[in-house]
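> Provided herewith is a single structure, encoded as structure tokens, for subsequent inquiry.
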Amino acid sequence: MRFDSNRAWQEATALVSANRDVLWALAGVFLVLPSFAVGILAPPPEPPAGVDSDKLMAMLSAYYNSAWPWLLGMAVCQVIGTLAMLALYTDRTRPTVAEALKLALRGALPVILAQILAGMAFAGVALVLISLAAMTGSQAFAGLTLTLCLVALIYVIVRISLVAPVVMVDGERNPVIALKRSWALTRGNAGRLLLFYALLLIGFGIVILLVGGLADLLLRLVLGMELGTALGTLISAALQAVMAIFFMAVYASTHRQLARPEAPAAVIPIE
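Every letter in the sequence shown is one number past the one before it in UniProt numbering, and letter 220, counting from 1, is 220.
Listed below in structure tokens is the structure:
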């Protein structure tokens, strides 16, 4: 089936509109608060101007070594929150928020394992190719290989983008089969999906950078550095949560379109 991005976006916005009250609550607890906490308690370092690559890598290494428990906790909360959103979007039994969270907890492990397996497989192949290219002694060839690996990474991300809906909607708990199912669903539509995802990411990214950056600057000027930075971090976390809400709706509508093209989309508001 040929992917229709306009139909997918219309269905996604309808899903968000129909369930907005519940979505904001979920996003606040599982996306905004964890991101805000990390931004305040374990903020990433701001490298000084003109820092060399070695010092930058050392700074990042030290940061991740100290902040990984916070980052891991945030990631787990975000996975559970986004999967609960997906359950609300797609489950025809009209689950309550508590039931959606239970579904998310059951689906979290297969989704995480699928992502880990895909990442390990790709990293292994890419490492071999880059190492072989480096052994030739040609910087140009090594650079070309690295570029091709990055392009391949984007392609793989698009092809496995429907793993979460496969787990949550189709009920597939085997991570390997979930990866295969997502790969099959996106066959023949990788380019269209990539363009669709890229446009959404660029659009939301511009809004987050402009609104978040301007709000952060104004808040620092009006309220002072400490309080202004904290509120700016909160606004940025909220904007990123909005993006996550819409992206999960997009994944739900895309899966519905490619998996069951014959079935009309139904928007079921959550009471």
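Don't be surprised by glycine CBs; every beta carbon is placed ideally from N, CA and C.
Do A67 and A108 have their CB atoms nearer than 8 Å?
no
> With H, G and I counted as helix, E and B as strand and the rest as coil, what does DSSP make of S236?
helix
> Grouping DSSP H, G and I as helix and E and B as strand, with all else coil, what is E46?
Reduced to three states, the DSSP call for E46 is coil.
> Where do the N-terminal and C-terminal ends of the alpha helix (DSSP H) with E99 fall, by residue?
V97 to M135
> Using a Cβ distance threshold of 8 Å, determine whether the segment 83 to 96 contacts the segment 9 to 24, with at least three qualifying pairs required.
yes
> Among T233, I160 and A62, which one has its Cα closest to the Cα of A215?
Of the listed residues, the one whose Cα sits closest to A215 is T233.
> From the DSSP output, in three-state form, read off T186 for me.
coil
> When the Cα atoms are used, what is the spatial distance from L227 to P44?
17 Å
> With distances taken between CB atoms, is the gap from R192 to S5 smaller than 8 Å?
Their beta carbons are under 8 Å apart, which means R192 touches S5 by this criterion.
> Would you identify the three-state DSSP class for L162, choosing helix, strand or coil?
Collapsing the DSSP output to three states places L162 in coil.
> If A114 sits next to L71, beta carbons under 8 Å apart, how far is it from one beta carbon to the other, in whole angstroms?
Not quite, the Cβ-Cβ distance comes to about 20 Å (not below 8 Å), so this is no contact.
> Quick check: the Cα distance between A27 and Q10, rounded to an integer number of angstroms?
21 Å
> With a cut-off of 8 Å, do at least 3 Cβ pairs link the segment 191 to 211 to the segment 243 to 250?
yes
> In or out: N189 buried (at least 16 other Cβ within 10 Å) or exposed?
buried
> Buried or exposed, going by whether 16 or more other CB atoms sit within 10 Å of the CB of G81?
buried
> Since M1 contacts L258 with CB under 8 Å, what's their CB separation in whole angstroms?
6 Å
> Indicate the three-state DSSP secondary structure (helix, strand or coil) for D54 in the structure shown.
helix
> Please classify I160: is it buried, with 16 or more other beta-carbons within 10 angstroms of its beta-carbon, or exposed?
buried
> Between the Cα of A164 and those of A100, G224, V22 and S182, spot the shortest distance and give me the residue it belongs to.
It is S182 whose Cα lies nearest to the Cα of A164.
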